[in-house]
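Anchor point for the sequence shown: position 119 equals 307 in the numbering used here, and the numbering is continuous, going up by one each time. Virtual Cβ for every residue (Gly too), placed ideally from N, Cα, C.
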Amino acid sequence: MSIFVNDTLLTREEAAAKLAVSTQRVSALCSNHLLTAYTFGSRKILISLDSVNRYKQQNSKSGRAYAPSLAFAALFMLSGCEVSWINRQQKYRIEAYLRSISPQDLVNRSKNRAKTMEYWCRKSRLAELSKHLILSAATGNMHTQFQLTQVDKIEGYISSNNLGDLINKFHLKKSEDGADSSIINVRLRVIEDSEVFYFIRQNSSSRITEGTQESSVKSFMPIAVCAADLAESFDVRERQAGLNKLSELLTTYNNAK
189 MSIFVNDTLL TREEAAAKLA VSTQRVSALC SNHLLTAYTF GSRKILISLD
239 SVNRYKQQNS KSGRAYAPSL AFAALFMLSG CEVSWINRQQ KYRIEAYLRS
289 ISPQDLVNRS KNRAKTMEYW CRKSRLAELS KHLILSAATG NMHTQFQLTQ
339 VDKIEGYISS NNLGDLINKF HLKKSEDGAD SSIINVRLRV IEDSEVFYFI
389 RQNSSSRITE GTQESSVKSF MPIAVCAADL AESFDVRERQ AGLNKLSELL
439 TTYNNAK
């Protein structure tokens, strides 16, 4: 039976049926933070329907997903950025791939670039938190690039080596820790390969953002990464905005070749 707590929650058996996998596979997906699980009592575990749908959407048949280094390379190249972490042969293959790919297939093929984790953070700490991330999606002034309304949420990338310290410093709480899922306002995309993160940090852009009280310099992902992040959203407007931008970028990229 499904239970409603600001999100539809499923048993492991129900989640397994929707994904056409075993309950053991569902447990593994939860352990790897690919599905959002809630613990009730000492043993009862229920799984977010939204996370099941997201996983199903991202794993639709569109070819094998790229490794993180190649996924980021494809999105950086599409953004017109240099990629210093892949060799010439890999770059050639990605160029050929970008000439024939659809926006949705690009999203699916680049899905393994990072693990997505969602948290609640006190609103007064969001500005400071954003300084520790490589910002993405429609965070901050980026919303204007996608014709979206600015919201009090942030999304960005961080190295797995820094995740624990960030959680402690800003007292971030997951839904599993008791935070109401309806007030989640931070989406972290965690990069586990420290070498990949280093190259991305070196190749991400910085820009001055105007705040109500002060201006600050923050790091942002290239536009194609931001678009791919939005295209994974369950918000219809965000998802379409991301796909539209990827379509625009692919057209521009291929017309320039």
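Straight-line Cα distance separating residue j from residue i
i    : j    : result
V339 : F422 : 16 Å
M305 : R375 : 6 Å
L431 : K341 : 20 Å
A216 : K362 : 19 Å
L207 : D293 : 19 Å
F192 : V271 : Note on F192: pLDDT 46, under 50, position unreliable in the model; the coordinate value appears next. Cα to Cα, the separation comes out at about 45 Å.
A415 : I233 : 33 Å
Q245 : Q333 : 25 Å
L354 : R313 : 12 Å
K433 : I371 : 28 Å
A210 : R200 : Residue identity differs from the one stated: residue 210 is Ser in this sequence, not Ala. Their backbone Cα atoms lie some 9 Å apart in a straight line.
S236 : E343 : 20 Å
K319 : A326 : 16 Å
L437 : S267 : 7 Å
A444 : K303 : 33 Å
S435 : S290 : 7 Å
W273 : M409 : 16 Å
A255 : F358 : 30 Å
I282 : N241 : 28 Å
N329 : F264 : 20 Å
N442 : L223 : 36 Å
Y285 : F228 : 45 Å
A225 : I411 : 31 Å
V413 : S324 : 7 Å
Run of the alpha helix (DSSP H) containing residue i, from where it starts to where it stops
i    : result
M265 : 256-266
S324 : First-last for S324: undefined, no H or E at that position.
T211 : 211-219
L207 : 200-207
V384 : 382-391
Burial state of residue i (16 or more Cβ within 10 Å)
i    : result
Y386 : exposed
I396 : Any reading at I396 must be qualified, since the residue scores a pLDDT of 46, below 50, and its modelled position is unreliable; no value is offered.
E202 : buried
E402 : Caution is warranted here: a pLDDT of 44 is assigned to E402, below 50, making its placement in the model unreliable, and the coordinate value is therefore given only provisionally. When all chains shown are included, E402 counts as exposed.
T440 : exposed
A205 : exposed
S288 : exposed
E383 : exposed
K406 : buried
N296 : buried
R301 : buried
First and last residue of the uninterrupted beta strand (DSSP E) at residue i
i    : result
V374 : 374-379
S236 : 232-236
A225 : 225-228
Checklist entry - Between the segment 377-396 and the segment 253-266, do three or more beta carbon pairs fall short of 8 Å? => result yes
Item to check | Three or more C-beta pairs below 8 Å linking the segment 343-356 and the segment 276-286 | outcome: no
Checklist entry - Quick check: the segment 309-316 against the segment 425-440, are there 3 or more CB pairs under 8 Å? => result no
Checklist entry - Can you list the alpha helix (DSSP H) stretches of 4 or more residues lying completely in the segment 402-442, in chain order? => result 411-419
Next on the checklist: So within the segment 278-366, which uninterrupted alpha helix (DSSP H) runs reach at least 4 residues, ignoring any that extend past its ends?
Outcome noted: 291-297, 314-318, 348-358
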